[in-house]
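Take the sequence shown: its letter number 94 is residue 97 in the numbering used here, and every next letter is one higher.
In this text, a Cβ means the ideal position worked out from N, Cα and C, and glycines have one as well.
One structure is given here, and the rest of the page talks about it.
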Amino acid sequence: MNEETDILTYDEALLLTRKQAEMIALFTTEIRSLKEQIEWLKRQLFGRKSERMEFDPNQLLLDPILVEAIEQNPPPEPKPEIESPVAAHVRKAAPHGRGVLPAHLEREIVEVDIPEEQKLLPDGSVRPRIGFEDSEKLACTP
Numbered sequence: 004m005n006e007e008t009d010i011l012t013y014d015e016a017l018l019l020t021r022k023q024a025e026m027i028a029l030f031t032t033e034i035r036s037l038k039e040q041i042e043w044l045k046r047q048l049f050g051r052k053s054e055r056m057e058f059d060p061n062q063l064l065l066d067p068i069l070v071e072a073i074e075q076n077p078p079p080e081p082k083p084e085i086e087s088p089v090a091a092h093v094r095k096a097a098p099h100g101r102g103v104l105p106a107h108l109e110r111e112i113v114e115v116d117i118p119e120e121q122k123l124l125p126d127g128s129v130r131p132r133i134g135f136e137d138s139e140k141l142a143c144t145p
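Here it is in C-alpha cells:
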C-alpha cells in the first residue's frame, strides 16, 4: 500500500482478496465442524438412548477437534440407584361403583346359544363349552 496516497495497487488488492477468500473458506469449514459438534453433543444430551454413542478409546476418530473435545469433557459416570425401603401393606380393592343386586329382585336368565349343527365336531362328538359370561343388569320393564 502506498503510504502517501492510501490507495491499493491492483496486485495488492488481488493479494488481499485472495487472503480474505482463504480466510472465509477456513472459517466456513470451522463453522461447519463446530455445528456438527453441537449437533452431536445435543444427541448425546437429549437424544434417545439408542441414538447415544458411548466413546470407545480404541476407535479411531477422524476429526482432531472431536478427539480434543471428548478428552476435555469425559462422559459422566452413571449415578448408582438408591433404593428406599417401603413398608409392606395390603391395598384395598377400589370400588367400581356398582353394588350387588338385592336377592329379592327377579332375575331372568338369557342364554345365547349356537345353532345345533355347530354344536357337533367333525368327528361327531359334542363340542365342549369353552366358557361363559355371567352378568347382572338392572332393568325396568314398562
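Shown here, V129 sits in a strand according to DSSP, grouped into three states.
In terms of Cβ geometry, L104 and E139 form a close pair [threshold 8 Å].
Fully enclosed alpha helix (DSSP H) runs of no fewer than 4 residues are not present anywhere in the segment 89-122. With respect to the 8 Å criterion, K122 and V115 are not classified as neighbours on the basis of their beta carbons.
Under the DSSP assignment, I34 falls in the alpha helix (DSSP H) whose first and last residues are Y13 to F49. The Cβ-Cβ distance between S36 and I68 falls below 8 Å. Distance from A72 to Q40 at the Cβ level is roughly 6 Å; contact confirmed, criterion being Cβ atoms closer than 8 Å. Judged by DSSP in its simplified three-state form, A142 adopts coil rather than helix or strand.
DSSP places I73 in the uninterrupted alpha helix (DSSP H) bounded by P67 to Q75.
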